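Participant:
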Amino acid sequence: MAIRRNRVSETLLEMGVEAPVLQTVQRYAEKHEVPMRTAVLKTTGVAPAQMAAAMSRLSGLPVLNNVDVERVDIGIIRAFPLTLARGHGVLPLYVVDDELIVGLGDIGAMNVLDDLRVLYGFAIRPVLLPADVLERATNAAYDKASKSASAVLEEADDVVEEGDDLLLDGDAELLDDPNQAPIIRFVNAVISQAIKERASDIHIEPYEKDLVVRYRVDGILKETIRPSHKFKHSIVARIKIMSGLNIAEKRLPQDGRIRRKMGGREIDFRVSTVPVRQGERVVMRILEKGQTFSLAGIGMSPTVLKTFRGLIRRPHGILLVTGPTGSGKSTTLYSAITEINTPNKNILTIEDPVEYEVQGIGQVQVNHKINLTFGSALRAFLRQDPDVILVGEIRDTETANNAVQASLTGHLVFSTLHTNDAASAFARMGDMDVESFLVADTLLGVMAQRLVRTLCLECRQVYEPSDVELKELGISREKIAGHTVYRARGCEACNQRGYNGRTGIYEFLETSEEIRKLVIANAPSAQIKRSAVSNGMVTLFEMGVEEVLVGRTTFEEVKRVTSSGDE
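Numbers in this note's numbering are just positions in the sequence shown, counted from 1, shifted up by 7.
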């Protein structure tokens, strides 16, 4: 049954969709050469359910608004490659009364039904799925078909001997070929499970009698599986081949990168291997390509956001973001440069490594082998007529002085430092032999930040903090009066963690005239902090407490991330 796209559009108009809204969807589909079902997901105005209803009216096919993935036949899924399922917008589901129920994303997919009839040997009963339902069900079904890491490991345990050779296809979609060798599928399952659990890092650690695989989720490491020690060479070899590393070199650290598709998303894995006594230790940092960055979405208070937005539009000066590793500094900086990234600005970055690619920005990666360092790149940038420069980290005297010189010659410089709070950044710059008067003249402000885990809304538990707990935190009973305080509990929705996701807490110190005088006088950090607080700066701990009082996190979590003396 051939039904032209314009007939679907006419039906949508008859159903009340406004013509300009529909034209936006059509233009997106034509520009990006994608089906209307994809365009509906990428634009606003036409709901996927409306599109499915229009196609149902034209074709007479029923609409299935929900797919029970638990009922989906895994054997059927494995016989139909994921690339074909996505390409055609087709999802084989389950057999009912000797008929195979097949979900279709649009009517044009009906031309593959005869092929499915031959492939499976069943009569086919097509149903329409709204585009969002189809996308979720496809990802979930193929993720389920790929098996969990532990299930694959049980199978591999009977098959793989230590030191087996691996023949690997480096270009395959990770969920696309369920018939790969067990070790290959085990590594894919480890990665798949990490993505599903929103892990930021995968750790593979060899010990005397076994391996330990751990995920870092919301900043906390947790053990997931312990493969047999006999798998250590095969697993590391698989990861090395995927990341383009030398599998024969086991004595030196190596760094590589994997770029793969996972559940329809493009994801980069930054791979680091280090030789240890029992073998090689592997850490994979997970970076999703195409991630969008927005200052409005990272948790800044309205007051801090307004001030920070004003400073990132200054023509020159230095803005620093401080905090420990994993505190979200890169996200803040990427969000800032994304917000000011316009055609009339030349923005250059030097990073170690480049974590995310941003359209319209010149990004350079540090390479110590050829002496391409933060300092040397910064010197070269000044000959590239930049307006804004992002330096991944100021870690030595050369970089610090070059950043100051860049700001003095009319450039806006963003960078990071490792300090516990905002006030300590001034002394840290002085430690790198930058004259105090230059620090005072060039430093516009310092953002100190942490990431706190947010409570799972399904299981958070109301409780009354004890007097002892409040005293340890330095909080009065009056401070929490009228507020509901929660603690973490744990449920299936959050994998028994009690938390689900993270948000930022921020301490922003703008360099006022009073602060400049203190910096020039080489005043201690504590005095600078007291001055900033007296003039309205909210500390990390105080902002964390505010997050507790609105029910977003816990006192325990705030104390954990600010316990380095920031209170």
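Positions of the beta carbon are idealized from the N, C-alpha and C atoms, including for glycine. Nothing here was measured: the structure is a model prediction, and the numbers come from that model.
1. Could you pull out every residue in the same chain whose Cβ sits closer than 7 Å to the Cβ of alanine 179, ignoring the five residues on either side in sequence?
2. If I measure Cβ to Cβ from alanine 413 and keep anything under 7 Å in the same chain, skipping five residues before and after, which residues do I get?
3. Taking all protein chains shown into account, decide if tyrosine 506 is buried (16 or more other Cβ within 10 angstroms of its Cβ) or exposed.
4. May I ask you to report which of helix, strand or coil DSSP gives isoleucine 191?
5. What distance in whole Å lies between the Cβ atoms of histidine 236 and lysine 216, which are believed to be in contact at a cut-off of 8 Å?
6. Of the choices Thr280, Asn348 and Val74, whose alpha-carbon is the least far from that of serine 250?
7. Which residue's Cα is closest to the Cα of aspartate 275: Arg34, Glu442, Ala201 and Ala528?
8. What do you reckon, are the CB atoms on alanine 387 and isoleucine 401 nearer than 8 Å?
9. Any chance the CB of isoleucine 482 is under 7 Å from a heavy atom of the ligand SAM?
10. Taking 8 Å as the cut-off, decide whether the C-beta atoms of valine 134 and glycine 112 are in contact.
11. Would you call the region 123 to 132 and the region 41 to 54 touching, i.e. three or more CB-CB distances under 8 Å?
12. Three-state secondary structure (DSSP) at valine 41?
13. Could you tell me whether the Cβ atoms of leucine 556 and alanine 539 are closer together than 8 Å?
14. Under 8 Å, with one C-beta from each stretch per pair, do the region 428 to 435 and the region 507 to 526 reach the 3-pair mark?
15. Is DSSP giving leucine 477 helix, strand or coil here?
16. To the nearest angstrom, how far is the alpha carbon of leucine 379 from that of leucine 252?
17. May I ask which residues mark the beginning and end of the alpha helix (DSSP H) holding phenylalanine 421?
18. In three-state DSSP terms, what is phenylalanine 276?
19. Just to check my reading of the structure: isoleucine 319 and threonine 449 have Cβ atoms closer than 8 Å, yes? What is that Cβ distance to the nearest angstrom?
20. Tell me whether glycine 543 is buried or exposed, calling it buried when 16 or more other Cβ atoms sit within 10 Å of its Cβ.
21. With DSSP collapsed to three states, give me the class of methionine 436.
22. Is it right to say threonine 338 is buried, meaning 16 or more other beta carbons lie within 10 angstroms of its own, or is it exposed?
23. Looking at leucine 294 and arginine 272, is the spacing between their C-beta atoms short of 8 Å?
24. For the alpha helix (DSSP H) that aspartate 448 lies in, which residues bound it at each end?
25. Report the option in Cys498, Ala196, Gln285 and Met550 whose CA atom is closest to the CA atom of cysteine 463.
26. Could you check which residue in Gly382, Met439 and Arg321 has the C-alpha nearest to that of lysine 352?
27. If we call anything under 8 Å between Cβ atoms a contact, is leucine 340 one with threonine 426?
28. What are the complete alpha helix (DSSP H) segments, minimum 4 residues, inside the region 266 to 349?
29. Return the CA-CA distance between threonine 356 and serine 473, expressed in angstroms with no decimal places.
30. Do glutamate 362 and valine 373 have their C-beta atoms within less than 8 Å of each other?
31. Would you kindly report the start and end of the unbroken beta strand (DSSP E) that includes alanine 206?
32. With which residues is proline 133 paired in a DSSP beta bridge?
33. Determine the burial state of leucine 91: buried for a count of at least 16 other Cβ atoms within 10 Å of its Cβ, exposed for fewer.
34. Looking at glutamate 245: is its Cβ nearer than 8 Å to the Cβ of isoleucine 191?
35. In chain order, what are the residue ranges of uninterrupted beta strand (DSSP E) at least 3 long that sit wholly in the region 212 to 241?
36. Helix, strand or coil: how does DSSP classify tyrosine 513 here?
Facilitator: If we stick to the structure as given:
1. The sequence position of residue 179 within the sequence shown is 172, counting from 1. Confidence is the limiting factor: at alanine 179 the pLDDT is only 49, short of 50, which leaves the residue's position unreliable and the question unanswerable from this model.
2. The count along the sequence shown starts at 1 and reaches residue 413 at position 406. Excluding sequence neighbours, alanine 413 sits near Leu385, Leu389, Ile396 and Val420.
3. Walking along the sequence shown from the start, residue 506 turns up at place 499. Result: buried.
4. Counting from one through the sequence shown, the residue named residue 191 turns up at place 184. Helix.
5. Looking up residue 216 in the sequence shown gives position 209. Looking up residue 236 in the sequence shown gives position 229. Yes, they are in contact, since the Cβ atoms of lysine 216 and histidine 236 sit about 6 Å apart, within 8 Å.
6. For the purposes of this step, residue 250 is taken as residue 243 along the sequence shown, with counting starting at 1. Comparing Cα positions, the closest option is Thr280.
7. In the sequence shown, residue 275 corresponds to position 268, counting from 1. Comparing Cα positions, the closest option is Ala201.
8. The sequence position of residue 387 within the sequence shown is 380, counting from 1. The sequence position of residue 401 within the sequence shown is 394, counting from 1. Contact: no.
9. Ligands in the displayed structure: none, and consequently the ligand SAM is not present.
10. Working through the sequence shown from its first residue, we reach residue 134 at position 127. Working through the sequence shown from its first residue, we reach residue 112 at position 105. Against a cut-off of 8 Å, the Cβ pair of glycine 112 and valine 134 comes out as no contact.
11. no
12. Here residue 41 refers to the residue found at position 34 of the sequence shown. Coil.
13. Taking the first residue of the sequence shown as 1, we reach residue 556 at position 549. Taking the first residue of the sequence shown as 1, we reach residue 539 at position 532. Between leucine 556 and alanine 539, the gap from beta carbon to beta carbon reaches 8 Å or more.
14. By the Cβ rule, the region 428 to 435 counts as touching the region 507 to 526, because three or more pairs are nearer than 8 Å.
15. Translated into the one-based positions of the sequence shown, residue 477 becomes position 470. Helix at leucine 477.
16. What you label residue 379 is simply residue 372 of the sequence shown in a count that begins at 1. What you label residue 252 is simply residue 245 of the sequence shown in a count that begins at 1. Roughly 22 Å between the two C-alpha positions.
17. For the purposes of this step, residue 421 is taken as residue 414 along the sequence shown, with counting starting at 1. Per DSSP, phenylalanine 421 belongs to no alpha helix (DSSP H); it is in the beta strand (DSSP E), 419 to 424.
18. As a working note, residue 276 is residue 269 in the sequence shown. The answer is strand: DSSP assigns phenylalanine 276 an E or B state.
19. Mapped onto the sequence shown, residue 319 falls at position 312. Mapped onto the sequence shown, residue 449 falls at position 442. With a Cβ gap of about 15 Å, isoleucine 319 and threonine 449 do not count as contacting.
20. Position 536 of the sequence shown holds residue 543. Residue burial is scored here from C-beta neighbours: glycine 543 has fewer than 16 other C-beta atoms within 10 angstroms and is therefore classed as exposed.
21. As a position in the sequence shown, residue 436 is number 429, starting the count at 1. Helix at methionine 436.
22. As a working mapping, residue 338 is identified with position 331 in the sequence shown. Counting Cβ neighbours within 10 Å, threonine 338 comes out buried, since at least 16 surround it.
23. Looking up residue 272 in the sequence shown gives position 265. Looking up residue 294 in the sequence shown gives position 287. Cβ atoms of arginine 272 and leucine 294: not closer than 8 Å.
24. As a first step, residue 448 is located in the sequence shown; it is residue number 441 there, counting from the start. Note, aspartate 448: alpha helix (DSSP H), 443 to 449.
25. Here the question's residue 463 lines up with position 456 in the sequence shown. Cα-wise, what sits closest to cysteine 463 is Cys498.
26. Along the sequence shown, read from residue 1 onward, the residue named residue 352 stands at position 345. Here the closest residue by C-alpha is Arg321.
27. Here residue 340 refers to the residue found at position 333 when the sequence shown is read from its first residue. Here residue 426 refers to the residue found at position 419 when the sequence shown is read from its first residue. Cβ distance not < 8 Å, so leucine 340 and threonine 426 don't count as in contact.
28. The region 266 to 349 is shown to contain whole alpha helix (DSSP H) runs of 4 or more residues at 309 to 318 and 336 to 346, in chain order.
29. The sequence position of residue 356 within the sequence shown is 349, counting from 1. The sequence position of residue 473 within the sequence shown is 466, counting from 1. For threonine 356 and serine 473, the distance between alpha carbons rounds to 49 Å.
30. Counting from one through the sequence shown, the residue named residue 362 turns up at place 355. Counting from one through the sequence shown, the residue named residue 373 turns up at place 366. Judged by their CB atoms, glutamate 362 and valine 373 are not nearer to each other than the 8 Å cut-off.
31. Looking up residue 206 in the sequence shown gives position 199. Here the beta strand (DSSP E) through alanine 206 covers 206 to 213.
32. Walking along the sequence shown from the start, residue 133 turns up at place 126. Note: proline 133 sits in a beta bridge opposite Val109.
33. As a position in the sequence shown, residue 91 is number 84, starting the count at 1. By the 10 Å Cβ count, leucine 91 comes out exposed.
34. Here residue 245 refers to the residue found at position 238 of the sequence shown. Here residue 191 refers to the residue found at position 184 of the sequence shown. According to the sequence shown, residue 245 is arginine rather than glutamate. Closer than 8 Å, so yes.
35. Runs found: 218 to 224 and 227 to 232.
36. Your numbering for residue 513 matches position 506 in the sequence shown. Under the three-state reduction of DSSP, tyrosine 513 is assigned to strand.
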